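Asker: Supplied in C-alpha cells, the structure appears directly below.
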Amino acid sequence: MAKRIDLRHVTLRYVTDTREVLAVDDVSFTVAESEFLCLLGPSGCGKTTIMNMIAGFLSPTHGDVLIGGARLDGTKHDRGVVFQDFAQLFPWRTARRNVEFGLEMRNVPKAQRKDTALEFLRLVGLADFADVYPHQLSGGMQQRVAIARAIAYSPGVLLMDEPFAALDAMTRDEMQRLVNDVWQETKKTVVYVTHNVAEAVYLGDRVVVLDAHPGRVKAEIPLDLPRPRDPLSATFVEAQRTILGHLGMQH
Amino acid sequence: MSRLSGILLGCVAFVVLALAWQAAYWAGVFPPRLFPSLATVADTLGRLTINGTMLVSAAATLFRLLFGFLLAGVVGVVVGLLMGRVQWIEDALLPIVSFMYPIPGIAYAPLFVLWFGLGDLPAILLVAVATSFTVIINTWKGVKAVNPIWIRSAHAMGASERSIFAKVILPGALPYVLTGLRLGLASAWRILVAVEMLMSVTQGLGWLIFGSQQFLNTDVMLATIAVIGIVGMLLERQVFLRLEQATIVRWGMMSA
C-alpha cells in the first residue's frame with residue numbers, strides 16, 4: 001500500500017524576465033515505504049518546489065521523480081496532498097463530502113464512500129462535525145479535515161506542505177501529535193515540508209536538511225528516538241542541536 | 252438596530268412617498284385626469300385584478316421574460332464557463348463580448364421587428380440577446396476568481412478535467428454566476444417592458460401602459476407600474492435571495 005519515493009538528480013530551473021533561476025540543484029534522496037521524511041530548510045531552499053515536483057504539479061528540468069518505482073502519470077498519480085492554506089477545502093461541501101471527493105473520483109459507490117469518509121473523520125477526531133461546512137470550523141479543524149481528505153482514498157504517499165504553519169502554537173502541538181498518531185495508524189509514506197526544527201524532530205524518521213539559493217541537500221539526519229517523542233527529553237534537544245548546526249544557526 | 256425596526260423603517264419610506272404623491276394631488280400640480288389620487292390607482296388596480304386584465308398581462312410578460320431569460324442564462328453560463336476555462340475560446344470571444352456588452356439591447360428592437368415580425372418571438376430573442384452578455388461577463392469573471400488551490404487539491408485527488416469543471420469550477424464560480432443571473436434578470440425585466448411598448452404585442456404589462464396613454468388612463472398606467480415593481484421585487488427576493496441563502500451564504504462564500 002505505502003509506496004517508496006525516489007528523487008534522482010532532480011533539478012529545476014525557471015526563467016524570469018531578467019534571468020534564469022536555479023531553484024533546485026541536483027537533489028537526490030529516497031523515502032522508504034512507510035517512512036516519515038521531513039524536508040527542512042530556510043525559505044528559498046526549494047522545499048515547496050521539491051514537494052510540488054513529487055506531487056506532480058511541476059516537472060523537473062532534469063532528473064526523475066519515481067513513486068513506487070514508476071514515473072509520474074498525470075491524474076492517476078497516487079498521492080494525497082495537504083497544503084498550508086486553510087482554503088484548500090471546498091467551501092460548498094460539508095466536511096464529510098470533502099473527504100469523499102477522492103473516493104468519488106475513483107467511482108466508489110455512495111454508501112461505501114460515506115462510511116469511509118466517516119471512518120477517516122473519526123481518525124482525525126471530527127466524527128461529530130461530518131455535516132458541517134468548512135467555514136464553520138476552526139483553522140486547526142479545517143486542516144484535520146484536509147488530512148482526512150488526503151488519505152481517505154488510500155494513496156501510496158502523503159505529501160504535506162507546512163500544514164500547521166498558520167496555526168497558533170498550542171493548536172500546532174496538538175496537530176503534530178495527531179499526525180504522529182495518524183501516521184502510526186495508517187503507515188503511509190510521508191514527505192513533510194517544514195521550516196520548524198522542533199516539528200521535524202518530533203515527526204520525522206529522517207530529516208533532509210536543505211540549503212538555499214540554489215536548493216541543495218545539505219545533510220540527511222536519521223532520527224531513531226522512540227515515539228511518541230518527548231520534546232523536553234535530552235535526546236530530543238540534542239537532535240535539534242545537531243540539525244541547527246547543519247542549518248548554520250547554532251550559537 | 253433590530254430586524255423589526257429595520258423593516259418598519261423600510262415601510263416608512265413607502266408611506267412618505269405615498270404622502271408626497273397625495274400632497275401633490277391635493278395641491279393640484281397636474282390636472283386630476285393626468286395625476287390620479289392613490290385611492291383611484293388602488294381602485295383601478297383592484298378592478299383590473301378582478302376582471303383578469305392584470306393577470307393576463309402579467310402572465311404574457313412573464314412568459315416572454317422566462318423564455319428569454321432561460322435562453323440567456325443557459326447560453327451565458329455555458330459560454331462564460333468555456334471562456335474562463337479554455338484559453339483559445341477566451342481569445343476568440345472576449346473582444347466580441349466586450350464590444351457587444353455595452354450596447355443597450357433596446358437598440359436592436361427595430362431590427363428585430365423587421366427580421367422576426369411582431370409578437371412573442373422577437374421580444375423573447377431581444378430579451379435573450381440583451382441579457383446574455385451580462386451573464387457571460389460575470390460567469391467568465393467567476394471562473395477567473397476560482398481559488399487555484401481548489402483546482403490543485405482536486406488534481407491531487409485524481410480529478411479529471413471534466414470532474415474539475417463540474418465539481419470545482421462550477422460551484423467555485425457560483426457567487427459570480429448568481430450575480431450575473433441576478434443582474435441579467437433585472438436588465439431583462441427592464442428591456443422587456445420597453446420592448447412591449449415598441450413592438451405592439453397584443454398583451455403584456457408594457458403594452459398595458461402604452462395602450463393606456465391615448466385614452467389618458469393614467470390610473471391604469473400607474474397601477475401597472477406598481478405591478479411591475481411588485482413582480483420585480485418578488486423575483487429578486489423570492490428567487491434570487493432564496494437561491495443565495497441556500498448556496499453561497501450557507502457555504503460561507505458570501506456573507507448574508
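Here the protein sequences line up with chains S and A, keeping their order.
Residues 1 to 251 (the working numbering) make up the first sequence, in order.
Residues 252 to 507 (the working numbering) make up the second sequence, in order.
The beta carbon of each residue, even a glycine, is placed where N, CA and C say it ideally should be.
All of these numbers come straight from a predicted model, not from anything done at the bench.
Determine which residues share a DSSP beta bridge with S/P222 and list them.
Answerer: Here residue 222 of chain S is taken as the residue at index 222 of the first sequence, counted from 1. BP columns for S/P222 point to S/R206.
Asker: What would DSSP say about A/G261, mapped onto helix, strand or coil?
Answerer: What you label residue 261 of chain A is simply residue 10 of the second sequence in a count that begins at 1. A/G261: helix per DSSP, three-state reduction.
Asker: Hey, out of A/F461, A/P373, A/F320, A/V328, whose CA is closest to A/L362's CA?
Answerer: By one-based count along the second sequence, residue 362 of chain A stands at place 111. It is A/P373.
Asker: Evaluate A/A358 with the Cβ neighbour count: other Cβ atoms within 10 Å of its Cβ, from every protein chain shown; 16 or more gives buried, anything less gives exposed.
Answerer: Working through the second sequence from its first residue, we reach residue 358 of chain A at position 107. It counts as exposed.
Asker: Please classify S/D78: does DSSP put it in a helix, a strand, or coil?
Answerer: As a first step, residue 78 of chain S must be located in the first sequence, where it is residue number 78. Coil, per DSSP.
Asker: Using a Cβ-Cβ cut-off of 7 Å (strictly less than) and excluding sequence neighbours within five positions of A/L436, which residues of its own chain qualify?
Answerer: Your numbering for residue 436 of chain A matches position 185 in the second sequence. For A/L436, where only same-chain residues beyond five positions count, the Cβ hits under 7 Å are F320, L486.
Asker: So that I know if they touch, is there some Cβ in chain A lying closer than 7 Å to that of S/V124?
Answerer: Residue numbering aside, residue 124 of chain S sits at position 124 when the first sequence is read from its first letter. It does not: the Cβ of S/V124 has no partner Cβ on chain A nearer than 7 Å.
Asker: Out of A/A264, A/L289, A/A323, state which residue places its alpha-carbon closest to the alpha-carbon of A/S383.
Answerer: In the second sequence, counting from the first residue as 1, residue 383 of chain A sits at position 132. When only C-alpha atoms are compared, the closest one is A/A323.
Asker: Which partner residues of S/R216 appear in the DSSP bridge assignment?
Answerer: Start at 1 with the first residue of the first sequence, and residue 216 of chain S comes out as number 216. In DSSP, S/R216 forms a bridge with S/D211.
Asker: With C-beta atoms as the reference, is S/V201 less than 7 Å away from S/Q240?
Answerer: Taking the first sequence and counting its residues from 1, the one referred to as residue 201 of chain S is at position 201. Taking the first sequence and counting its residues from 1, the one referred to as residue 240 of chain S is at position 240. Taking 7 Å as the Cβ cut-off, S/V201 and S/Q240 qualify as a contacting pair.
Asker: Within this structure, are the beta carbons of S/P214 and S/D25 separated by less than 7 Å?
Answerer: Your numbering for residue 214 of chain S matches position 214 in the first sequence. Your numbering for residue 25 of chain S matches position 25 in the first sequence. Contact flag set, yes.
Asker: Report buried or exposed for A/A405, applying the criterion of at least 16 other Cβ atoms within 10 angstroms of its Cβ.
Answerer: Taking the second sequence and counting its residues from 1, the one referred to as residue 405 of chain A is at position 154. Per the 10 Å Cβ criterion, buried.
Asker: Give every residue of the same chain whose Cβ lies closer than 7 Å to the Cβ of A/V386, excluding the five residues on either side of it in the sequence, and list them in chain order.
Answerer: Taking the second sequence and counting its residues from 1, the one referred to as residue 386 of chain A is at position 135. Same-chain partners within the cutoff: A323, G324, G327, V328, G331, G431, L432, G435.
Asker: Mind listing the chain A neighbours of S/Y133? Cutoff is C-beta to C-beta under 9 Å, in chain order.
Answerer: Within the first sequence, the letter at position 133 stands for residue 133 of chain S. Residues of chain A passing the Cβ test: R501, W502, G503.
Asker: Can you tell me the Cα-Cα spacing of A/V348 and A/R336, whole angstroms?
Answerer: Position 97 of the second sequence, counted from the first residue, corresponds to residue 348 of chain A. Position 85 of the second sequence, counted from the first residue, corresponds to residue 336 of chain A. Rounded to whole angstroms, A/V348 to A/R336 spans 16 Å at the Cα level.
Asker: Rounded to whole angstroms, what's the CA-CA distance from A/I340 to A/Y427? Just pull it up for me.
Answerer: On the second sequence, position 89 is the one that residue 340 of chain A refers to. On the second sequence, position 176 is the one that residue 427 of chain A refers to. Approximately 19 Å between the Cα atoms of the pair.
Asker: If we call anything under 7 Å between Cβ atoms a contact, is S/T186 one with S/V157?
Answerer: To locate residue 186 of chain S, count along the first sequence from 1; it is residue 186. To locate residue 157 of chain S, count along the first sequence from 1; it is residue 157. No, Cβ-Cβ distance for S/T186 and S/V157 is not below 7 Å.
Asker: On a CA-only basis, which of A/W272, A/V419, A/F491, A/V364 is nearest A/V292? Give me that one, please.
Answerer: By one-based count along the second sequence, residue 292 of chain A stands at place 41. When only C-alpha atoms are compared, the closest one is A/W272.
Asker: Any beta-carbon of chain A closer than 7 Å to the one on S/D101?
Answerer: Taking the first residue of the first sequence as position 1, residue 101 of chain S is located at position 101. First, the residue type needs correcting, since residue 101 of chain S is Phe and not Asp in the sequence shown. Closer than 7 Å to some Cβ of chain A, the Cβ of S/F101 qualifies, so yes.
Asker: What is the residue span of the beta strand (DSSP E) that S/Y192 lies within?
Answerer: Counting from one through the first sequence, the residue named residue 192 of chain S turns up at place 192. Per DSSP, S/Y192 belongs to the beta strand (DSSP E) from 189-194.
Asker: Would you please verify whether the beta carbon of S/V190 is less than 7 Å from any beta carbon of chain A?
Answerer: Translated into the one-based positions of the first sequence, residue 190 of chain S becomes position 190. No, S/V190 does not count as interfacial toward chain A.
Asker: Quick one: residues in its chain with C-beta nearer than 7 Å to the C-beta of S/L72, no 5 flanking neighbours on either side, listed in chain order?
Answerer: Residue numbering aside, residue 72 of chain S sits at position 72 when the first sequence is read from its first letter. Contacts found: G56, V65.
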